[in-house]
Amino acid sequence: AVVSTQSGHYGRDLIDNCLPSLVLGLESLLVEVQKSPDKETFNPLNYLAQHLMRNNPRYNHAIGNSPYMKGLNEVKNELRALVSKLRQNKAAKITSEARKRRYERQAKEALLPEEVDRRAEIVSHTFDSWSFGDETIPQYKVQRAMRSFMDEKVPKFNEELKAVCKYICPVSNDDKKDSITDSMYTKYICAHVEGWPIGAFNALLGHIDGCAKAVPIGDQRQKIQSSLTSLFKTIDKEKAQTLDRGHILVLIKAFYNAVPVNMKKYITNPLDWSDKDTVYSPTPAPSVMTLPY
């Protein structure tokens with residue numbers, strides 16, 4: 001018990017250098033007390049001091065090579081490992097308590113009105129990663145992302161973080177019929193992570209962003225194709241299923257001229273289209289564009 005309370009190298013020094021010689025000295029002292037005829041005049045402190053001086057392991061190497069001493073060294077090694085473990089457990093407990101207090105403080109801060117509004121705004125910005133410009137998105141995709149986070153990421157939280165995030169709302173089942181708007185999306189996610197420390201909240205945002213980027217490219221192409229089809233139907237007011245190519249180019253040129261200068265580097269000038277058609281098209285470009293629908 002005395003050794004376990006020592007800190008740092010002091011505990012190891014007592015175990016390595018003092019304990020073996022002291023145990024041998026105490027055993028010799030007990031034997032001498034039993035053999036001594038005059039126990040009243042016998043001084044145990046003087047005898048123990050003499051024994052330690054005469055059997056100093058630095059000078060008396062025979063003691064260290066004895067079988068008894070080898071067994072005592074094994075006990076010494078076990079005791080040293082126990083002291084090290086106790087010290088590590090104490091440090092781990094202090095770290096755990098400090099981490100728990102930090103999470104609890106962050107959880108209280110997360111419930112403040114200004115922090116709730118800030119997080120709602122951050123979540124709202126992630127809506128565009130799912131919508132591709134649409135006003136609504138399928139609810140089941142967001143549900144799957146949330147459920148994968150609850151099933152895969154939350155179990156990896158440390159115990160202190162799990163204790164603070166214990167009020168996790170259950171994620172409902174997939175419903176492919178429902179679509180949600182930006183405000184519904186924000187409210188849905190914030191309801192699941194209300195009061196979460198900032199670290200857990202950021203982990204959720206990273207997971208949602210990764211899920212949004214993992215949406216198949218085919219979904220994006222399908223949305224673009226659907227938008228172009230809707231645009232075609234809007235322009236084709238006479239329902240002829242064909243459009244005049246020259247009229248389309250006029251509209252696109254007007255759009256190109258209206259685009260800010262810093263954005264034109266991402267768009268090809270319509271005036272260059274005819275030249276590219278001549279170079280790359282084996283046959284003359286048609287005068288009309290047809291899109292069956």
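When you line the sequence shown up against my numbering, it's residues 1 to 293, in that order.
Cβ atoms here follow ideal geometry from the backbone N, Cα and C, with glycine treated the same way.
(1) Along the alpha helix (DSSP H) that carries Lys265, what are the first and last residues, could you check?
(2) Report back the beta-carbon spacing between Leu52 and Gly25 to the nearest angstrom; my notes put them in contact at under 8 Å.
(3) What is the DSSP secondary structure of Asp38, reduced to helix, strand or coil?
(4) Between Ser179 and Thr136, what straight-line distance do the alpha-carbon atoms span, to the nearest angstrom?
(5) Which one of Lys90, Tyr266, Glu104, Ala91 has the shortest CA to CA distance from Gly195?
(6) Among the candidates Tyr185, Ala98, Leu19, whose CA atom is the shortest distance from the CA of Asn77?
(7) Please state whether DSSP places Asp178 in a helix, a strand or coil.
(8) Would Val261 be called buried (16 or more neighbouring beta carbons within 10 Å of its own) or exposed?
(9) One question on the structure: do Ile267 and Leu251 come within less than 9 Å of each other, judged by their Cβ atoms?
(10) Based on the DSSP secondary-structure assignment, which residues constitute the bridge partners of Asp117?
(11) If you count every other CB in all the chains shown that lies within 10 Å of the CB of Phe149, and 16 or more means buried, which is it?
(12) Note down the Cα distance separating Asp128 from Arg102, rounded to an integer number of angstroms.
(13) Near Glu109, which residues of its chain fall below 7 Å by C-beta distance, leaving aside the five closest residues on each side in sequence?
(14) To the nearest angstrom, how far is it from the Cα of Glu160 to the Cα of Gln143?
(15) Pull up the distance between the alpha-carbon of Pro57 and that of Ala49, whole angstroms please.
(16) Should the region 226 to 234 be regarded as contacting the region 185 to 195, the criterion being three or more beta carbon pairs within less than 8 Å?
In short, the structure shows the following:
(1) Looking at the DSSP string, Lys265 is not in any alpha helix (DSSP H), and its letter there is neither H nor E.
(2) With a beta-carbon spacing of about 5 Å, Leu52 and Gly25 fall inside the 8 Å limit used to define contacts.
(3) The three-state reading of DSSP puts Asp38 in coil, since its state is none of H, G, I, E or B.
(4) 6 Å
(5) Answer by Cα proximity: Glu104.
(6) Leu19
(7) coil
(8) By the neighbour-count rule (16 or more Cβ atoms within 10 Å), Val261 is not buried but exposed.
(9) no
(10) None, per the DSSP bridge assignment.
(11) buried
(12) For the pair Asp128 and Arg102, the Cα-to-Cα distance works out to about 33 Å.
(13) Glu115
(14) 26 Å
(15) Whole-angstrom Cα-Cα distance: 14 Å.
(16) Because the criterion of three Cβ pairs below 8 Å is not met, the region 226 to 234 and the region 185 to 195 do not touch.
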